[in-house]
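Take a look at the structure below.
Protein chains: 2
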Amino acid sequence: MGSSAEHVLAVVRRQILAGDRAPGDKITEVGVAADLDVSRTPARTALAALEAEGLIEKRDGRGFTIKSISVADVEKSIKVRAVLEGLAARTMAENGMSPETEAKLRRSIDMSQEILDTEEPEIDYIGQYQEANRIFHETIMYDCGNELVGHAFERIARLPLTALGTLAFDRTTLKRERMRLTVGHSQHVIILDALAKRDGQRAERMMIEHSNATLNYEQLFVDKGNEAPLLPLYQRYGGPNGRRATLD
Amino acid sequence: MGSSAEHVLAVVRRQILAGDRAPGDKITEVGVAADLDVSRTPARTALAALEAEGLIEKRDGRGFTIKSISVADVEKSIKVRAVLEGLAARTMAENGMSPETEAKLRRSIDMSQEILDTEEPEIDYIGQYQEANRIFHETIMYDCGNELVGHAFERIARLPLTALGTLAFDRTTLKRERMRLTVGHSQHVIILDALAKRDGQRAERMMIEHSNATLNYEQLFVDKGNEAPLLPLYQRYGGPNGRRATLD
DNA sequence: CATCCGCATTTTGGATACAAAGTTAAGCCG
DNA sequence: CGGCTTAACTTTGTATCCAAAATGCGGATG
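Going line by line, the protein sequences match chains A and B. Start counting the first sequence at 1; every next residue gets the next number (the numbering used here). Start counting the second sequence at 1001; every next residue gets the next number (the numbering used here).
Structure representation (structure tokens):
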């Protein structure tokens, strides 16, 4: 499990996402190997994986470069995620949920409901809400009966802000944030209802709307010169808690 | 370009798809290395790639196994492909086509039109039609303005019968086949029209219908014990011509 | 002074050696 | 005869070495 290659992969990915390696920077096998004090072999597999994840780009004979991820890229990844999650929801509605799946979804909804019922939500609750949200989306994505949906999704899952359950939080406007959480929560409830009634079309449409909501919310905050740098933005929202689930 | 690892990957993939390596068979680094007379290094990268493609499965300490691909799996992959292609078509319609893109699509349509206009189509024309079809789908998928669509698609692209432009052919019933090609062709025409008019919804809906048509056609032929073996089926339709574009 | 040829350095790909972990099987002891 | 232990083999992960390809620089030549 805790192989060296996986460790290298996790460390370098974190470095990229944290901005320690800036977009455009060169990154090579030997460099990474020396940096983390391992041989070139695990460094090599890690770089191959990072390329597949779309975080670095191979330049023919001159190493890899850190890919610059723009806000436009995030929009694109969210749109792909939306249709895939929509398909997952429809498939699950058509096939019917297993009792275990329904229990998981209901637990997730109960969790977020409880959080929203709290009078004065603390910052710490946000992490819990994110966790509940993540469970909801992951359950539908991976238990829908078409495992290729999740398979395809994993190809873009590592891109910042696309990860399942990632909601952008502005910690300075908790009131507004609470409203947003309430909307998201109600959408979860509606989706579960559609799933229970095996209404595939409604489940799909609602899920697509819900997934794209992440996008719309983003647009409220970002002053988009369309190629605005993503990484600072990524650091601004969602702290380590928001990333933990996807980075390790 | 023609690196050894890529060569190993192509060869082993062909072996799997051709049935030379049966589902359930064990496949290891050393085995492949010895088989193709290369070292373990390229064999390892090839196996990693094959696992990402979903053709083999890692069994903890006991090598990989060839995954058994059922008809149900093919249906699943086609459904994923359909929503991704639908998103691509919608995106392209909303963003508008570049003149080059429109030219490519029109050329593809002219090609298939010409083939269908031929009085007595020979078997050889089928390969040309497939090529035109492939160009049409690839153009939309990769030129739509959201490169992540193609990126996600590549994750499932290697699964048999999912590949772009793959249409199943029954060589014994050319008349019926011609009818089918005509339907597909007309759908291409409609999609191009929707793209030109920048009608995203119509482009998406038509493309989804069109992509799923591959699936419906499959169902006409396969006596589905639902877990019917895929590989014989794959060999029955589409000969080497149908696979060439995706395997090398 | 510009251009072209060639060498050196960088970088990757492949081969092999080595070590660790797990699996299988056989033998030994109860 | 059965269960447990151990030993050998399989398999994978990592390190290092070698070779090939490409790039960039520098010198020589027109």
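Every residue gets a Cβ at the ideal spot worked out from N, C-alpha and C, and that includes glycine.
- Leu1116/B and Thr1139/B do not touch by the CB rule: their CB atoms are close to 20 Å apart, not below 8 Å.
- If you look at Ile56/A, you'll find it in the beta strand (DSSP E) that goes Ile56 to Lys58.
- Unbroken beta strand (DSSP E) stretches of 3 residues or longer found wholly inside the segment 1108-1143 of chain B: none.
- Spatial neighbours of Ile1027/B in its own chain (CB-CB distance under 8 Å, excluding positions within 5 residues in sequence) are listed in chain order as Val1012, Arg1021, Leu1047, Ile1056, Gly1063, Phe1064, Thr1065 and Ile1066.
- Relative to the Cα of Ser1039/B, the nearest Cα in the group Gly1054/B, Ser1077/B and Val1008/B belongs to Val1008/B.
- The alpha-carbon of Val1083/B is positioned some 37 Å away from that of Thr1041/B.
- Per DSSP, the unbroken alpha helix (DSSP H) holding Thr45/A starts and ends at Arg40 to Glu53.
- The residue from Glu1051/B, Ala1049/B, Gly1031/B and Asn1133/B with its alpha-carbon nearest to that of Arg1180/B is Asn1133/B.
- Annotation for Thr91/A: the continuous alpha helix (DSSP H) segment containing it runs Val71 to Asn95.
- Secondary structure of Lys1104/B (DSSP, three-state): helix.
- Around Met141/A, the same chain offers Leu84, Glu85, Ala88, Val149, Gly150, Phe153 and Leu164 as residues with beta carbons nearer than 8 Å, after the five sequence neighbours per side are excluded.
- For Ile16/A, the uninterrupted alpha helix (DSSP H) run begins and ends at Ser4 to Ala18, by DSSP.
- Distance from Ala203/A to Arg90/A at the Cβ level is roughly 6 Å; contact confirmed, criterion being Cβ atoms closer than 8 Å.
- In this structure Ala1103/B is exposed. Its beta-carbon is surrounded by fewer than 16 other beta-carbon atoms within 10 angstroms.
- Thr28/A sits in coil when the DSSP states are folded into three classes, being neither helix nor strand.
- It is roughly 39 Å from the alpha-carbon of Glu131/A to the alpha-carbon of Gly1096/B.
- The beta carbon of Ile156/A is closer than 8 Å to those of Gly54, Ser77, Val80, Arg81 and Thr162 in its chain, skipping five residues each way along the sequence.
- Distance between His210/A and Glu1147/B, taken at the CA atoms: about 22 Å.
- Close to Val149/A, with beta-carbon spacing below 7 Å, are these residues of chain B in chain order: Val1080.
- Under the DSSP definition of a beta bridge, Thr1065/B partners with Lys1026/B and Glu1057/B.
- Of the residues Glu1119/B, Gly1024/B, Cys1144/B and Asp1110/B, the one whose Cα lies closest to the Cα of Tyr1129/B is Asp1110/B.
- The C-beta of Asn95/A comes no closer than 9 Å to any C-beta of chain B.
- The beta-carbon separation of Gly200/A and Ala93/A, rounded to 4 Å, stays under the 8 Å limit for a contact.
- When C-alpha distances from Gly1061/B are compared across Lys1197/B, Glu1029/B and Glu1100/B, the shortest belongs to Glu1029/B.
- Ranked by how close their Cα comes to the Cα of Ala1072/B, the residues Asp1037/B, Thr1101/B, Leu1159/B and Thr1045/B have Leu1159/B in first place.
- Under the three-state reduction of DSSP, Gly1145/B is assigned to coil, being neither helix nor strand.
- DSSP places Ile191/A within a helical segment (H, G or I) once states are collapsed to three.
- One finds nothing in chain A with a Cβ atom closer than 7 Å to the Cβ of Gly1024/B; even the nearest lies about 18 Å away.
- For Ile1069/B, not one C-beta of chain A is nearer than 9 Å to its own C-beta.
- CA-to-CA, the gap between Val1032/B and Ile135/A works out to about 39 Å.
- Taking 9 Å as the threshold, the shortest C-beta distance from Asn1212/B to chain A does not fall below it.
- Contact annotation: Asp1143/B and Ser1098/B have beta-carbon atoms nearer than 9 Å.
- Counting of Cβ neighbours within 10 angstroms places Gly24/A among the exposed residues, the total staying below 16.
- Proximity to Ile126/A across Thr182/A, Ser4/A, Val74/A and Ala10/A peaks at Thr182/A, based on C-alpha coordinates.
- At a cut-off of 9 Å between C-beta atoms, Glu154/A counts as an interface residue with respect to chain B.
- Comparing C-alpha distances from Ser4/A to each of Arg205/A, Gly184/A, Ser68/A and Thr45/A shows the shortest one belongs to Thr45/A.
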